[in-house]
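Peer 1:
Chains as they are written, first to last, in our numbering: chain A, -5 to 313; chain B, 24 to 473.
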């Protein structure tokens, strides 16, 4: 990439952190997606490694267990030449605000350049970002935000459909507890998509209709004419009578099977952020459907994270 | 009282006209159309083919004719709260015996409660009730399903699939869901499926060990009481949850004046709230317990006479939507015990209408009020097409002699259990004939032949 492009891009993404997709403009998002597009293509070449982050240090700080997001960030950072440190903080002990800040200060003293954080409490990543000097990327905070997931979903859609603008995207499942849904509703709206959400009322947040999405409790109706069907994971502890009566009933009314899928457009994409519960929110054969882009999402995850790290690196102090 | 004129009988050959019956010379009472006037009714192929004053004197040619002799023709009653013992406690009552009792009481549709063993909390069990009813019952039977698994108040049931299987509403039996969060979720989740949540309102902690209404009578009898507040608190909580969730809510049986006030306020807001009252709470009070008569032990407990009067006024004003029998068969061994140890519950299907007519004879309620609360109102709340006398409607019809005096002998009850609080009571008014889909399922044989 030439230095001319670098200048333009710093203007296009003038942020130190990526904490939320809220407030990101169309230009900024498209800039990241363009960058990710190139990264995706580059990643398919034999010589993947670049030096954008050479001699930079990235810490993966995960307070919540994660396999795919953590490894995706690690791979993205390594492909850009960064030194990566993975820190998995115990999930069993309840992390208090003070402990979190102490951890942050300790890490800050090691002078990393970028910290990627996942935390089970909404707002924790933002709190941490206030306390440290380096760039912070939110890899998921509670039920609040997961910006790189929304970006990778947008990229997956854009690559498959050629656009996001004007598409109808149905997001179905546990909206209430989902940071993926919150991030996607905002980002897809910004990009001009029409967003619908479907869930039983017990899994819808209060005032869901004011989120910029059409709200359905009938999944069949939600899928009518949809271009994209995005399923969300239902956590096991929420299945047996607390939020929904049983996996059987949930699958019957909110699981993506061929019958419900038939309500969407014939070329509708099938998406899932993973990990999937086959037979709970998605039928096994639908997950493996030819229109399923679930594995593309994983690939685009690495590309989007490369783009994000690259964009943030441009705002870092010159080495 | 069933008089087929000779000419009608002659002409009623094996031809189609045999299935046409005219009920003439009746007083037609149909609360759905606010009708109370002399007239007649024509039944063909199980449906009401015609109705009106023009059929009062003259039946069409070539049909069976029944002279009602001025007695009341009304829609068959719909009883929205009936406990049976099937499955699990068949010695108390089966769907068959309950339906026999219902037919004799003029009740053409019963809604059975899920409080059985096993509890009706699964699709297969709803199906079981429906198949057993189809094969054995002589009146229409619908079932409520449990709103929480095993009626434990902890985890909600498969409300969507149960409703699809035919559950008409959701109940937690004779216990309240104490966990507010669970109740919230039931209302919220049920709303997506248009489910009616019919809840018993009695705070289980406050009413713990309560054997009868808290107050002077209980104190004198040395019995621990269940305070009215237990009902009011639960009802007020539920109304808040309805406001929060928008779920369709029905307070199964309220029993005191303060509860009526809560309902009235909720309806005025307006919230999707309805309520019922049991016939016992309209016609009896705590003093009837007298010397520890366990047939008067029930849930909610009988209250003061002021509360009873308030309940009657609530029916008259329409704030109380429906009257139920709360038919609850208990065998003699479970009732013949010290009051504190005796089971709750009273049978009531066969006496439902006669007991309600007491309020007509005492001029506390009009006939239309009484029938409205047992026909069209429950039909509307439960989403049934019955409960009205209209052209094209299914012929669930009863013929009632409003004035006939009789004395209840509990041994003559058709119910398998005899725990009636009206035993040896003087009654005025009784059901002469009950038709379900045009078929006579009960006919009063007359006093001399019983």
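For each residue, glycine too, the CB sits at the ideal point set by N, CA and C.
Could you give the distance in angstroms between the alpha-carbon of residue 193/B and the alpha-carbon of residue 169/B?
Peer 2: Straight-line Cα distance between these residues: approximately 5 Å.
Peer 1: Quick check on DSSP: helix, strand or coil for residue 141/B?
Peer 2: coil
Peer 1: Need the endpoints of the alpha helix (DSSP H) that residue 50/B sits in, please.
Peer 2: It is not in any alpha helix (DSSP H) - residue 50/B instead sits in the beta strand (DSSP E) that spans 43 to 53.
Peer 1: Let me know the secondary structure DSSP gives residue 453/B once reduced to three states.
Peer 2: Here DSSP, grouped into helix, strand and coil, assigns residue 453/B to strand.
Peer 1: Suppose only complete runs of 4+ residues qualify. What are the alpha helix (DSSP H) ranges in the region 369 to 414 of chain B, listed by chain order?
Peer 2: 375 to 384, 390 to 395 and 399 to 405
Peer 1: Using beta-carbon positions only, say whether residue 351/B and residue 363/B come within less than 9 Å of one another.
Peer 2: no
Peer 1: Within 10 Å of its beta-carbon, does residue 228/B have 16 or more other beta-carbons around it, so buried, or fewer, so exposed?
Peer 2: exposed
Peer 1: Classify residue 392/B as buried or exposed, calling it buried when 16 or more other Cβ atoms lie within 10 Å of its own Cβ.
Peer 2: buried
Peer 1: Output, in chain order, the set of chain B residues within a Cβ distance shorter than 9 Å of residue 172/A.
Peer 2: Simply none; closest approach about 18 Å.
Peer 1: Who are the near neighbours of residue 384/B in its chain, counting only those whose CB is closer than 6 Å to its CB and skipping five residues on each side?
Peer 2: A distance below 6 Å between beta-carbons, with the five flanking residues on each side excluded, links residue 384/B to the following residues of its chain, in chain order: 451.
Peer 1: Shorter than 9 Å from the beta carbon of residue 257/A to some beta carbon of chain B?
Peer 2: no
Peer 1: Suppose you measure from the CA of residue 82/A to the CA of residue 55/A; what does that come to, to the nearest Å?
Peer 2: 6 Å
Peer 1: Our contact map puts residue 298/A next to residue 30/A with C-beta atoms below 8 Å; I'd like the distance itself, whole angstroms only.
Peer 2: Contact between residue 298/A and residue 30/A holds, since their C-beta atoms are separated by about 4 Å, short of 8 Å.
Peer 1: Here's the rule: buried if 16 or more other CB atoms are within 10 angstroms of the residue's CB, otherwise exposed. What is residue 309/B?
Peer 2: buried
Peer 1: By the criterion of Cβ-Cβ separation under 9 Å, what are the contact partners of residue 214/B in chain A?
Peer 2: 195 and 211
Peer 1: Any Cβ of chain B within less than 9 Å of the Cβ of residue 242/A?
Peer 2: Closer than 9 Å to some Cβ of chain B, the Cβ of residue 242/A qualifies, so yes.
Peer 1: Restricting to Cα atoms, I'd like to know which of 10/A, 180/A, 33/A and 161/A is closest to residue 16/A.
Peer 2: 180/A
Peer 1: Taking C-beta to C-beta, are residue 131/A and residue 11/A nearer than 9 Å?
Peer 2: yes
Peer 1: Could you check the C-alpha separation between residue 17/B and residue 94/B for me, to the nearest Å?
Peer 2: Nothing about residue 17/B can be reported from this structure: the residues present for chain B run from 24 to 473 only.
Peer 1: For residue 284/A, count neighbouring Cβ atoms within 10 angstroms of its own Cβ and tell me buried if that reaches 16, exposed if not.
Peer 2: exposed
Peer 1: Check distances from the C-beta atoms of the region 181 to 212 of chain B to those of chain A and list, in chain order, the residues that come in under 7 Å.
Peer 2: Under the 7 Å Cβ criterion, the region 181 to 212 of chain B contributes 181, 182, 183, 184, 208, 211 and 212.
Peer 1: Quick check: is the beta carbon of residue 257/B nearer than 9 Å to any beta carbon in chain A?
Peer 2: no
Peer 1: Residue 238/A CB to nearest chain B CB: under 9 Å?
Peer 2: yes
Peer 1: Could you confirm whether any beta carbon from chain A is found closer than 9 Å to the beta carbon of residue 179/B?
Peer 2: True, the Cβ-Cβ gap to chain A drops below 9 Å.
Peer 1: Cutting at 6 Å between CB atoms, please list the residues of its own chain near residue 205/A, excluding the five before and the five after it.
Peer 2: 179
Peer 1: What's the C-alpha gap between residue 86/A and residue 222/A?
Peer 2: Residue placement at residue 86/A is flagged as unreliable, the pLDDT there being 44, under the threshold of 50; the coordinate-derived value follows with that caveat. Residue 86/A and residue 222/A: Cα-Cα distance of roughly 37 Å.
Peer 1: Could you say if the region 211 to 221 of chain B and the region 250 to 260 of chain B meet the contact criterion of at least three C-beta pairs nearer than 8 Å?
Peer 2: Output reads no: the region 250 to 260 of chain B does not touch the region 211 to 221 of chain B.
Peer 1: Report the neighbours of residue 247/A on chain B: residues whose CB is nearer than 7 Å to its CB, in chain order.
Peer 2: 183
Peer 1: Does DSSP put residue 320/B in a helix, a strand or coil?
Peer 2: coil
Peer 1: Any idea what DSSP makes of residue 244/A, helix, strand or coil?
Peer 2: helix
Peer 1: Less than 6 Å between C-beta atoms, sequence neighbours within five positions excluded: which residues of the same chain meet that for residue 269/B?
Peer 2: 214
Peer 1: Can you determine whether any heavy atom of the ligand SAH sits closer than 8 Å to the C-beta of residue 249/B, and answer yes or no?
Peer 2: This structure lacks the ligand SAH, and indeed carries no ligand of any kind.
Peer 1: Examine chain A for any beta-carbon lying closer than 9 Å to the beta-carbon of residue 290/B, and answer yes or no.
Peer 2: no
Peer 1: So, does the CB of residue 166/B fall closer than 9 Å to a CB anywhere in chain D?
Peer 2: No chain D appears in the structure shown, which is made up of the protein chains A and B.
Peer 1: What are the partner residues of residue 272/A, as DSSP defines its beta bridges?
Peer 2: According to DSSP, residue 272/A shares a beta bridge with 276/A.
Peer 1: If contacts are defined as beta-carbon pairs under 8 Å, then residue 238/B and residue 327/B qualify, I think. What distance do you get, rounded to the angstrom?
Peer 2: 7 Å
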